[in-house]
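> Residue numbers (my numbering): 1 to 350.
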């Protein structure tokens with residue numbers, strides 16, 4: 001099969017012919033119809049995750065089952081499926097409780113094993129992790145759900161429990177941030193989006209953000225920005241989302257909250273230059289809730305897919321462009337600096 005292969009940390013990715021994967025016991029092989037290019041893939045390329053090299057990235061995918069391993073009961077060749085980026089083991093207490101996204105023995109395509117920047121991808125514990133795709137949901141739409149949309153959905157619905165007419169501040173209007181804007185609006189919340197790129201903010205406005213603010217991108221906490229957020233939200237947001245994952249964006253989101261507000265950390269905060277500082281003095285004094293959100297288990301996908309089929313949620317609107325494997329190999333090393341106003345999807349057949 002053709003795949004994007006990385007030989008070492010920060011090496012230039014290349015498209016190569018590699019052996020086809022074999023379905024693991026309890027797992028399947030999926031022919032990839034579409035797969036998302038995500039900032040998490042860049043983190044893996046940059047060496048911020050424990051990766052075995054050489055490596056094939058990619059963790060947001062949809063496609064068709066083409067091989068089934070021993071012990072799989074629920075799936076057969078020809079089934080159209082997607083999968084969470086966290087694949088639970090299917091045996092532990094967390095998986096039994098429906099919380100496979102925090103499984104201690106989890107597998108993650110594109111991280112713990114070769115991923116979906118390829119024509120074929122192996123997936124583990126299929127009966128726990130695969131999600132059937134309704135006919136109206138095409139592969140590109142399903143791939144756009146990926147880690148970003150599903151994570152934003154669970155972050156706001158299950159973790160922050162956003163209510164109608166609450167103020168939600170979303171810091172970062174990339175794929176996950178724009179997903180958060182769309183989900184928050186579907187829940188009846190009022191949204192303020194913050195980003196350094198005007199184009200991303202224009203998309204946020206089109207998705208229903210009531211206010212958008214252009215950040216200056218400086219290293220210090222922008223006091224004027226925080227004051228403006230407090231003014232727009234009548235004293236601070238009820239919920240804030242850091243959809244970027246940096247010390248500055250996390251601090252901005254936390255400082256945008258009103259007393260007893262809820263912060264959801266979605267963007268990764270790798271300890272690149274030491275563990276990032278968090279304004280815990282504000283967290284304590286204002287009794288803020290700090291919530292992590294790490295994807296969404298397969299058992300929770302049907303409710304989200306029902307809303308997609310009904311048109312209440314339209315993740316396909318977030319797809320900015322579709323590229324091939326060769327373009328993905330060129331784009332991945334610079335993905336942290338390229339202005340993105342939506343989701344980039346890879347079609348391995350291009």
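C-beta: ideal position from N, C-alpha, C; glycine also.
Values in this document were obtained by computation on a predicted structure and should not be read as measured data.
Look at residue 123 and residue 83 and say whether their C-beta atoms are less than 7 Å apart.
For residue 123 and residue 83, yes; Cβs fall inside 7 Å.
> If contacts are defined as beta-carbon pairs under 8 Å, then residue 158 and residue 168 qualify, I think. What distance do you get, rounded to the angstrom?
With 8 Å as the limit, residue 158 and residue 168 do not qualify as a contact, their Cβ atoms being about 15 Å apart.
> Where does residue 45 fall in DSSP's three states?
Of the three classes helix, strand and coil, the one that applies to residue 45 here is helix, per DSSP.
> Check whether the Cβ atoms of residue 247 and residue 276 lie closer than 7 Å to each other.
Closer than 7 Å, so yes.
> Excluding the 5 residues flanking residue 244 on each side, which residues of the same chain have their C-beta closer than 7 Å to its C-beta?
If we look at residue 244 and ignore the five residues flanking it on each side, its Cβ neighbours are 171, 172 and 267.
> For the structure I just gave you, are there three or more beta carbon pairs, one from the stretch 305-323 and one from the stretch 16-33, closer than 8 Å?
No, they do not touch.
> Drop a sphere of 10 angstroms on the beta-carbon of residue 334, count the other beta-carbons inside from all chains shown, and report buried for 16 or more, exposed for fewer.
Exposed, because fewer than 16 other Cβ atoms sit within 10 Å of the Cβ of residue 334.
> Considering only the beta carbon of each residue, do residue 176 and residue 116 sit closer than 7 Å?
Their beta carbons are not under 7 Å apart, which means residue 176 does not touch residue 116 by this criterion.
> Take residue 153 and list the residues in its own chain whose beta-carbon comes closer than 6 Å to its own, dropping the five residues that flank it on each side.
Excluding positions up to five away in sequence, the list reads 183 and 304.
> Is residue 337 helix, strand or coil by DSSP?
Residue 337: coil per DSSP, three-state reduction.
> Is it right to say residue 7 is buried, meaning 16 or more other beta carbons lie within 10 angstroms of its own, or is it exposed?
With fewer than 16 Cβ atoms within 10 Å of its Cβ, residue 7 is classed as exposed.
> Tell me the DSSP secondary structure of residue 56 in three-state form.
Residue 56 falls in the coil class under three-state DSSP.
> Taking Cβ positions, are residue 155 and residue 26 nearer each other than 7 Å?
Cβ distance not < 7 Å, so residue 155 and residue 26 don't count as in contact.
> Where does residue 104 land, buried or exposed, given buried means 16+ other C-beta within 10 angstroms?
Looking at its Cβ environment, which holds fewer than 16 other Cβ atoms inside 10 Å, residue 104 is exposed.
> Excluding the 5 residues preceding and the 5 following residue 296 in the sequence, name in chain order all residues of the same chain whose CB lies nearer than 7 Å to its CB.
Closer than 7 Å at Cβ, skipping near neighbours: 84, 101, 150, 151, 153 and 154.
> Suppose you measure from the CA of residue 259 to the CA of residue 323; what does that come to, to the nearest Å?
C-alpha separation (whole angstroms): 44 Å.
> Please classify residue 388: is it buried, with 16 or more other beta-carbons within 10 angstroms of its beta-carbon, or exposed?
Outside the displayed span of the chain (1 to 350) sits residue 388, for which this structure offers no information.
> Alpha carbons only, please: which of 81, 192 and 119 is nearest the one belonging to residue 350?
Minimum Cα distance to residue 350 is reached at 119.
> Just to confirm, is the Cβ distance from residue 137 to residue 308 under 7 Å?
Taking 7 Å as the Cβ cut-off, residue 137 and residue 308 qualify as a contacting pair.
> Could you pull the start and end residues of the beta strand (DSSP E) that residue 265 belongs to?
Taken as a continuous stretch (DSSP letters only), the beta strand (DSSP E) holding residue 265 covers 257-265.
> So what's residue 187 in DSSP terms, helix, strand or just coil?
Residue state, collapsed to three classes: coil.
> Quick one: what's got a C-beta closer than 7 Å to residue 199's C-beta in the same chain, skipping five residues either side?
So the qualifying residues of the chain are 339 and 341.
> With a threshold of 16 other CB atoms inside 10 Å of the CB of residue 252, please say whether the residue is buried or exposed.
Classification for residue 252: buried.
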